[in-house]
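Asker:
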Amino acid sequence: MVGLSGASASRSSSRVGRNRQTGEDRAPAGAAGESARRREPGQRGRQRGRVVTATAGKAAAAPSDSTSAHAGERRTIGGEAVVAGIGLHLGQPCRLTFRPAPTGTGIVFRRTDLAGSAPIPARVEFAVDAERRTQLGTGAEALHTVEHVLAAVGALAIDDLEIGMDGPEPPILDGSAAPFLEALRGAGLVPNGGRPEWLVLRKAIRMVEGESVYEARPCLGLSLDVTIDFPHPHIGLQRTQCMVTAESFTRELASARTFGFMHEVDALRSKGLIQGASTANAVVLDAEGVVETTLRWPDEFSRHKALDCVGDLVLAGARVRAHITAHKPSHRGTVALVRALVQHAVREPAVYSIEDIMQVLPHRYPFLLVDRILEIEEGKRIVGLKNVTINEPFFQGHFPGHPIMPGVLIIESMAQVGGMLLMRTIADPSSKVVYFLSLDNVKFRRPVKPGDQLRIEMEVLQIRGMMCKMRGVATVDGQVVTEADMSAMVRDR
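By our numbering, the letter at position 291 of the sequence shown is numbered 501, and the numbering carries on one by one without gaps.
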């Protein structure tokens, strides 16, 4: 939202002004850095709303909320969670309830205040063109300004969820996605059976919607490069780049708030918009600077636009695998991009094919020793496969008449699987390469022969900056053949 406006950022750059009170350059203030004194544009401030409850049912068995980008099962929540407050644009109170949903449900909204109302799926087919917000459905059952809710859902890789609302618009709360993220985590994230779907882009697409320009290219996850440019000395040109995971979204984007301008208030209110807006739930700017609050980051504006993109992309109805460059993104433009993605991309189960692997790893025949990735938990573990055939070139000499896969090549295969996990944290994998640092506790339990399928599971033990230590186990038919601890470092090519 822009005007009162609607990023995970691994790297951000911005051109910002100076603090109007002190004359000093702004520094990130953190989520707790807001001024306690706020006012609504043109009126007194309103109460923000709150997370009311988060009741974890199955949550005791919940896994980490790490974005399990290629985990074997879909995800839902373990219990109910409730948030309440007033909406940004319509200004009406709303109690929003997150509930677990059966496998295959998808993300579905329901108006609980309207008898006999039909569920509205969070899919682009139900998106309606609306000013300054993302809207689903029309008429009395329409749902307004759903992007912050969907951003939290998408960042946590939740596949099945029912969202009940007793009003037409989710509560704006503090103007960010952080309260929704907190509520969902409080309910617990649990596996839901079935395989998650991915929307996989096979070739680049480019589109223009008004001033918004988008390009989407194939990628192994969701990567964003968002640029905004506002003719205001405290915004100007800002850029946020990110590889979106639950962790990076939480750290870099979730707390970025919606923003707008004092000079637009009267015009927007005359259209029935921003009826619930105040400096308690938005960053408001006048000609001199930010009104009665402190920025959480100097580039909070571009971060919030990236947050909005994450939410709107949920309308694809599947987890998106694409690197998206967005210049001056808008809700209208991003929804149009989602329509293009749905048309041009393909839906696939959650695995990496050999083609996907070759986009990340620099290895090629005869030294590419991983054929498929089955599961990934971001920053935690990865599972890959290596099919061992008699056509492997090393069998010509190791050994004639008694082919056995060299142990060092099993270790190399394990390292390549681990490298796939490390490379997923890099926005541009083609610019990096992974180097071995050390091997410890290496054990070879039994030989690997032609016809065997190596199942390799790598678990992260420690990450410090660009260095990582992993524990790896390779099995054939459930029996351990090799295990090792290994350390590696990501370096520029």
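C-beta: ideal position from N, C-alpha, C; glycine also.
S640 by DSSP, collapsed to three states: which one?
Answerer: helix
Asker: In chain order, what residues of the same chain lie with their CB nearer than 7 Å to the CB of E510, ignoring the 5 residues before and after it?
Answerer: Excluding sequence neighbours, E510 sits near A466, R467, V493.
Asker: From the DSSP output, in three-state form, read off I621 for me.
Answerer: helix
Asker: Going by DSSP, what residue range makes up the beta strand (DSSP E) through R582?
Answerer: 582-587 is the extent of the beta strand (DSSP E) around R582.
Asker: Count the C-beta pairs between the segment 287-300 and the segment 476-486 that are closer than 8 Å, then say yes if the count reaches three, no if not.
Answerer: yes
Asker: Report the partner residues of F308 according to the DSSP bridge assignment.
Answerer: DSSP, once it has assigned bridges, lists A291, I373 as partnering F308.
Asker: Applying the criterion that 16 or more other CB atoms from any shown protein chain within 10 Å of the CB defines a buried residue, is H280 buried or exposed?
Answerer: Confidence at H280 is low in this model, with a pLDDT of 38, below 50, so the placement of that residue is unreliable and no value is reported for it.
Asker: Indicate the three-state DSSP secondary structure (helix, strand or coil) for C429 in the structure shown.
Answerer: Correct three-state label for C429: coil.
Asker: Report buried or exposed for H514, applying the criterion of at least 16 other Cβ atoms within 10 angstroms of its Cβ.
Answerer: buried
Asker: Can you tell me the Cα-Cα spacing of L463 and L547, whole angstroms?
Answerer: 21 Å
Asker: State the Cα-Cα distance for the pair T544 and L346, rounded to the nearest angstrom.
Answerer: 14 Å
Asker: With distances taken from CA atoms, which of R665, G611, M615 is nearest E585?
Answerer: R665
Asker: May I ask you to list the residues that DSSP assigns as paired with A698?
Answerer: F646, C678
Asker: Could you check where the beta strand (DSSP E) with R591 kicks off and where it finishes?
Answerer: 591-597
Asker: If distances are taken between C-alpha atoms only, which option among V691, V530, E290 comes closest to L432?
Answerer: Nearest option by C-alpha distance: V530.
Asker: From K596 to E283, what distance separates their C-alpha atoms?
Answerer: 22 Å
Asker: Is there contact between the segment 322-338 and the segment 359-378, where contact requires at least three CB pairs shorter than 8 Å?
Answerer: yes
Asker: Is G396 helix, strand or coil when you go by DSSP?
Answerer: G396: helix per DSSP, three-state reduction.
Asker: Apart from the five residues on each side of it in sequence, which residues of its chain come closer than 6 Å, Cβ to Cβ, to S218?
Answerer: Caution is warranted here: a pLDDT of 35 is assigned to S218, below 50, making its placement in the model unreliable, and the coordinate value is therefore given only provisionally. Close CB contacts of S218 within its chain, under the 6 Å cut and outside five residues either way in sequence, are with C452, V454, S458, F459, E462, L463 (chain order).
Asker: Roughly how far, in whole angstroms, is the beta-carbon of M696 from the beta-carbon of G629, given that I think they are within contact range, below 8 Å?
Answerer: Not a contact, Cβ separation roughly 10 Å.
Asker: Check for me: the alpha helix (DSSP H) holding F511 runs from which residue to which?
Answerer: 510-523
Asker: Whole-angstrom Cβ separation of A516 and T450, contact assumed at under 8 Å?
Answerer: 5 Å
Asker: Examine the Cβ distances between the segment 656-672 and the segment 685-700 and report whether three or more of them are shorter than 8 Å.
Answerer: yes
Asker: Could you have a look at I666 and say whether DSSP puts it in helix, strand or coil?
Answerer: strand
Asker: Since T355 contacts T344 with CB under 8 Å, what's their CB separation in whole angstroms?
Answerer: 7 Å
Asker: Name the residue from E341, V338, V318 whose alpha carbon lies nearest to the alpha carbon of P331.
Answerer: V318
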